[in-house]
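4 protein chains.
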Amino acid sequence: MTEPRKPRRTSIGSQRNPESEEAILSAAAAILREGGLGAFSIEAVARRAKAGKPTIYRWWPSKAALLLDVYHRQKEVSPPVYTGNVRGDLMRFMTELLSYWKRGGGAVFRSVIAEAQGDPAAAAALAGYAAERRIHTGAMIREAQAAGQVRPDADPELIGEMLSSFAWSRLLTNRLDMSEPEIAAYVDSLFDGIRPG
Amino acid sequence: MTEPRKPRRTSIGSQRNPESEEAILSAAAAILREGGLGAFSIEAVARRAKAGKPTIYRWWPSKAALLLDVYHRQKEVSPPVYTGNVRGDLMRFMTELLSYWKRGGGAVFRSVIAEAQGDPAAAAALAGYAAERRIHTGAMIREAQAAGQVRPDADPELIGEMLSSFAWSRLLTNRLDMSEPEIAAYVDSLFDGIRPG
Amino acid sequence: MTEPRKPRRTSIGSQRNPESEEAILSAAAAILREGGLGAFSIEAVARRAKAGKPTIYRWWPSKAALLLDVYHRQKEVSPPVYTGNVRGDLMRFMTELLSYWKRGGGAVFRSVIAEAQGDPAAAAALAGYAAERRIHTGAMIREAQAAGQVRPDADPELIGEMLSSFAWSRLLTNRLDMSEPEIAAYVDSLFDGIRPG
Amino acid sequence: MTEPRKPRRTSIGSQRNPESEEAILSAAAAILREGGLGAFSIEAVARRAKAGKPTIYRWWPSKAALLLDVYHRQKEVSPPVYTGNVRGDLMRFMTELLSYWKRGGGAVFRSVIAEAQGDPAAAAALAGYAAERRIHTGAMIREAQAAGQVRPDADPELIGEMLSSFAWSRLLTNRLDMSEPEIAAYVDSLFDGIRPG
DNA sequence: AACTAACCGAGACGGTACGTCTCGTCTTATG
DNA sequence: CATAAGACGAGACGTACCGTCTCGGTTAGTT
């Protein structure tokens, strides 16, 4: 059991080589996590994945496309679920999202957002993803609404957007560190509003 | 009276030449507006401003610093002021901000945000700017709080952050077009919360 | 059959493209001949050769390396050969060298010498070249020595160095115009020494 | 004896300030000696001399002019003198010149030569200096010739040129280290020529 | 069994931008 | 009016990536 050879990954015929795809996505994710968007370049990914640049360009037409693939591949955050206690559900959702981002997932997502500001394809992808998230979060709130735990005239998707936009803001300004009381204060604000009395 | 000569802007002694500063900031703003962040480079700014690159680097240590200066310079949106009617003040603040961004200011600010995701210097600059904005908005809300128009246990800066993060989210996903009723619905959500009854 | 297109020289795979090499060396030679060392810059060569700067740096580690390559490439002066008449051989060698330099080769070589005074890499390259020349010239004199036409206790390489150093001196002070009698006088001096009687 | 103040050298009225001149020439010489021509720039000289760049440009129109001034200022090599023994005089001349150059003077002179290859003013100055040297050396040889120690049909200035060109060649290729026997061999070659028998 | 087609890695190509350096000119404030 | 200081437009430096191209080699399907 020596394993000294480097087999040099090569073609497997007229088809995409999944080993290369895997190596490229892994390398891209690792670079993003380690050096952030500044360190992320097609050259760097090719170097680290021991892949040829044309192999990358063949399958991902742009930096943004690769970025999005990396993001989708590692996305593991569970959609918000209504358990009978909205406030608790919102807090858990927020806590889990920030924690996931802090563990590394955030580096990828913030890169996608940044890339979307200059690249229309990435912008479209980000818009689609954000819409999907709003719907998911909105669905949970709608459920709570049906159960009478949320005001009937509230717009579930708007509430979802308020939640996620707050999280984005923290991600984009490097302020993901929220203690549980801070999260509670935020959720309470969202929950109770600011109207006096 | 021909005025055909180009006098070639030059030094005015051991001090910053405001003409150069002006030319550089104007060029930078024009490039951003015309070509977006992708077209924005120090080279391009220098070329357009007919300035030397070192002149730019002398006064703006990073691309992000220049970007932020451009943003500050053109920022003409009035700071949030408490007029006795919080709900109206929040709506006006939101309406004006989105409108200003739609008129062109947004292109600059989204560039700043994007740049901050890869460049630590830009990140610091953006963080500072965001903190300042939270304080300003928070001050307005605190005033309203003192007047009894906002719940005494609300955190003014947190409310400010909820407002601005919502606006950021719209900017970053190209959804600045909000009708007045939509803005009203958002402000009401913020105001009344979602707690039933 | 118009042939108006410019095919834009490109890569031919993982190997040096001789067309690029040719274009770069030609451009470098032309710039040197037209504008002298002052006009010679990697930027200028790249511009004229329609090549990228990295392509030049990939193959020539320094300005001096490129300079020397240009010199070698255009060098067409025949090496000194012993034909049975040393004095005639020395005169022909000198005449041909000066004539070659006057025809344009000198501009390149004096640039190499100048560059070598400030750049260690160029200095090393020039030292190597000079040593090689001493050996070549020395070999010719050694041949004549074997034939009894040169004093047996003379040092052939030293004689070679005396010859070339005299030529260098003329080149570096713009005094390449030597008539045949002047060259003859010089060779006679070298040949007969200055000892009286 | 503290000497803590920095008096900041300043104008002494409508005339050249000799302190500045001195500081500039010293700085230039030091830079040349320490870093060679590569480190020599007007900027560097101004920095080291704590002088303004315009002050330098006012008095020395070009890099070459400053270089030449530095050279003339430190030139201390004695002109060749005929003492009754030509061979000894030539050896002493050569020994002293190489030794002077090795002690630091060579760095300046080789810079002048290099500069002369691109700058016409420097070229003219160098040509003039070289001619002057040829005359001086020639005068010594002519004296020896009158005394019967040198062949009457030898051209004194040509001999002088042979001597100095050999020294230049050694300077320009970093080969100033000649032992006494090597110098003797060279002078003998010059003296006896290469004609057999 | 030979051929083709598409893949693979490698790396060179023409470019653009980077951030730094020096150039030679200019204007200021100081004496 | 000379000086130290230092800003200015200009442009070269050497490096990093960009996205494209060609190469030589590999393998899977098709003839």
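Chains as they are written, first to last, in my numbering: chain A, -16 to 180; chain B, -16 to 180; chain C, -16 to 180; chain D, -16 to 180.
Note that CB positions come from ideal geometry on N, CA and C, so glycine has one too.
Because the structure is a prediction, the values reported are computed rather than measured.
Nearest neighbour of K85(D), chosen from A10(D), S45(D) and V60(D) [CA to CA]: Residue 85(D) sits at position 102 when you count from the first residue of the fourth sequence. Measuring from the Cα of K85(D), the nearest candidate turns out to be V60(D).
Partners in chain D for A168(C), counting only beta-carbon separations shorter than 7 angstroms: The sequence position of residue 168(C) within the third sequence is 185, counting from 1. Here the neighbours are D138 and L141.
With 16 other Cβ atoms within 10 Å as the buried cut-off, status of P139(B): Here the question's residue 139(B) lines up with position 156 in the second sequence. Under this definition P139(B) is a buried residue.
Straight-line gap, R16(A) to V95(A) (C-alpha atoms, nearest Å): Position 33 of the first sequence, counting from 1, holds the residue named residue 16(A). Position 112 of the first sequence, counting from 1, holds the residue named residue 95(A). Computed Cα separation, rounded: 13 angstroms.
Contacts of G176(B) in chain A (Cβ-Cβ under 7 angstroms): Within the second sequence, the letter at position 193 stands for residue 176(B). The contacting residues are L173, F174, D175 and G176.
Chain-order list of residues whose beta-carbon lies under 7 angstroms from that of Y54(A) (same chain, five-residue window excluded): As a first step, residue 54(A) must be located in the first sequence, where it is residue number 71. Correct list, in chain order: V91, F92 and V95.
Entirely enclosed beta strand (DSSP E) segments - the stretch 70 to 95 of chain B, minimum 3 residues: none
Chain A within 8 angstroms of Q132(B), Cβ atoms only: Counting from one through the second sequence, the residue named residue 132(B) turns up at place 149. Q132(B) belongs to the set of residues whose beta carbon lies under 8 angstroms from a beta carbon in chain A.
Distance CB(L141(C))-CB(S172(D)) smaller than 8 angstroms: Here residue 141(C) corresponds to residue number 158 of the third sequence, with the count starting at 1. Here residue 172(D) corresponds to residue number 189 of the fourth sequence, with the count starting at 1. In this structure, S172(D) lies closer than 8 angstroms to L141(C) by Cβ.
Min CB distance L155(B) to chain A below 8 angstroms: Here residue 155(B) corresponds to residue number 172 of the second sequence, with the count starting at 1. True, the Cβ-Cβ gap to chain A drops below 8 angstroms.
Rounded Cβ spacing between M161(A) and L81(A) (contact assumed at less than 8 angstroms): As a working note, residue 161(A) is residue 178 in the first sequence. As a working note, residue 81(A) is residue 98 in the first sequence. With a Cβ gap of about 6 angstroms, M161(A) and L81(A) count as contacting.
The alpha helix (DSSP H) enclosing D40(C), as first and last residue numbers: Position 57 of the third sequence, counting from 1, holds the residue named residue 40(C). It should be noted that the sequence gives Tyr, not Asp, for residue 40(C). That run of the alpha helix (DSSP H) goes K36 to W42.
Proximal residues of chain B, C-beta to C-beta of A110(A) below 7 angstroms: Along the first sequence, one-based indexing puts residue 110(A) at 127. Residues of chain B passing the Cβ test: T156 and N157.
Proximity below 8 angstroms, CB of F174(A) to CB of G176(B): What you label residue 174(A) is simply residue 191 of the first sequence in a count that begins at 1. What you label residue 176(B) is simply residue 193 of the second sequence in a count that begins at 1. Yes, the pair counts as a contact, with Cβ atoms nearer than the cut-off.
Under 8 angstroms from the C-beta of E144(A): neighbouring residues of chain B: What you label residue 144(A) is simply residue 161 of the first sequence in a count that begins at 1. Neighbours of E144(A) on chain B, chain order: F149 and S152.
Cα-Cα separation, T66(D) to R153(D): Taking the first residue of the fourth sequence as 1, we reach residue 66(D) at position 83. Taking the first residue of the fourth sequence as 1, we reach residue 153(D) at position 170. For T66(D) and R153(D), the distance between alpha carbons rounds to 26 angstroms.
Min CB distance R117(A) to chain B below 8 angstroms: Position 134 of the first sequence holds residue 117(A). Chain B, which has no Cβ nearer than 8 angstroms to the Cβ of R117(A), makes this no.
Cβ neighbour criterion (16 or more within 10 Å) applied to Y40(C): Within the third sequence, the letter at position 57 stands for residue 40(C). Exposed, by the Cβ-count rule.
is_contact[G88(A), chain B] using C-beta, thresh 8 angstroms: For the purposes of this step, residue 88(A) is taken as residue 105 along the first sequence, with counting starting at 1. Cβ-Cβ to chain B under 8 angstroms: no for G88(A).
Chain C contacts from the stretch 63 to 78 of chain D (Cβ-Cβ distance under 7 angstroms): So nothing in the stretch comes that close.
For R(-9)(A), three-class secondary structure by DSSP: Residue mapping note: residue -9(A) aligns to position 8 of the first sequence, counting from 1. Coil at R(-9)(A), not helix or strand.
As assigned by DSSP and simplified to three states, the class of G143(B): Position 160 of the second sequence, counted from the start, is the residue given in the question as residue 143(B). Helix, per DSSP.
Through-space distance from S147(C) to Y112(C), alpha-carbon basis: Mapped onto the third sequence, residue 112(C) falls at position 129. Mapped onto the third sequence, residue 147(C) falls at position 164. So the two alpha carbons sit approximately 12 angstroms from each other.
Contact with chain A by A32(B), beta-carbon distance below 8 angstroms: Position 49 of the second sequence holds residue 32(B). No, A32(B) does not count as interfacial toward chain A.
CA-to-CA distance, P135(C) to G71(C), given in whole angstroms: Indexing the third sequence from 1 puts residue 71(C) at position 88. Indexing the third sequence from 1 puts residue 135(C) at position 152. Approximately 19 angstroms, taken between the alpha carbons.
Below-8 angstroms beta-carbon distance, M(-16)(C) vs any chain D residue: The residue labelled residue -16(C) in the question sits at position 1 within the third sequence. Residue placement at M(-16)(C) is flagged as unreliable, the pLDDT there being 43, under the threshold of 50; a coordinate-derived value is accordingly withheld.
Contact with chain B by L49(A), beta-carbon distance below 8 angstroms: Position 66 of the first sequence, counting from 1, holds the residue named residue 49(A). Not one chain B Cβ lies under 8 angstroms of L49(A).
Residue interval of the alpha helix (DSSP H) (run including Q57(B)): Working through the second sequence from its first residue, we reach residue 57(B) at position 74. From DSSP, the alpha helix (DSSP H) with Q57(B) extends over K46 to Q57.
Where A150(B) falls, given that 16 or more other Cβ within 10 Å makes a residue buried: Position 167 of the second sequence, counted from the start, is the residue given in the question as residue 150(B). Burial state of A150(B) is buried, judged by a 10 Å Cβ sphere holding 16 or more other Cβ atoms.
Segment limits, alpha helix (DSSP H) that includes R158(B): On the second sequence, position 175 is the one that residue 158(B) refers to. For R158(B), there is no enclosing alpha helix (DSSP H), as DSSP marks it with neither H nor E.
Other residues of its chain near K36(D): CB distance less than 8 angstroms, five sequence neighbours each side excluded: Within the fourth sequence, numbered from 1, the residue matching residue 36(D) stands at position 53. Same-chain partners within the cutoff: I25, E26 and A29.
For V170(B), three-class secondary structure by DSSP: To locate residue 170(B), count along the second sequence from 1; it is residue 187. DSSP places V170(B) within a helical segment (H, G or I) once states are collapsed to three.
Chain A within 8 angstroms of Q100(B), Cβ atoms only: Taking the second sequence and counting its residues from 1, one reaches residue 100(B) at position 117. Output row for Q100(B): interface = yes.
Residues of its chain near A99(B), where Cβ-Cβ distance is below 6 angstroms and the 5 sequence neighbours each way are ignored: Here residue 99(B) refers to the residue found at position 116 of the second sequence. Taken in chain order, the residues that qualify are A105, A106 and L109.
C-alpha distance - P179(A) paired with G87(A), whole-angstrom precision: The residue you call residue 179(A) lines up with position 196 of the first sequence. The residue you call residue 87(A) lines up with position 104 of the first sequence. Counting only the Cα atoms, G87(A) lies some 40 angstroms from P179(A).
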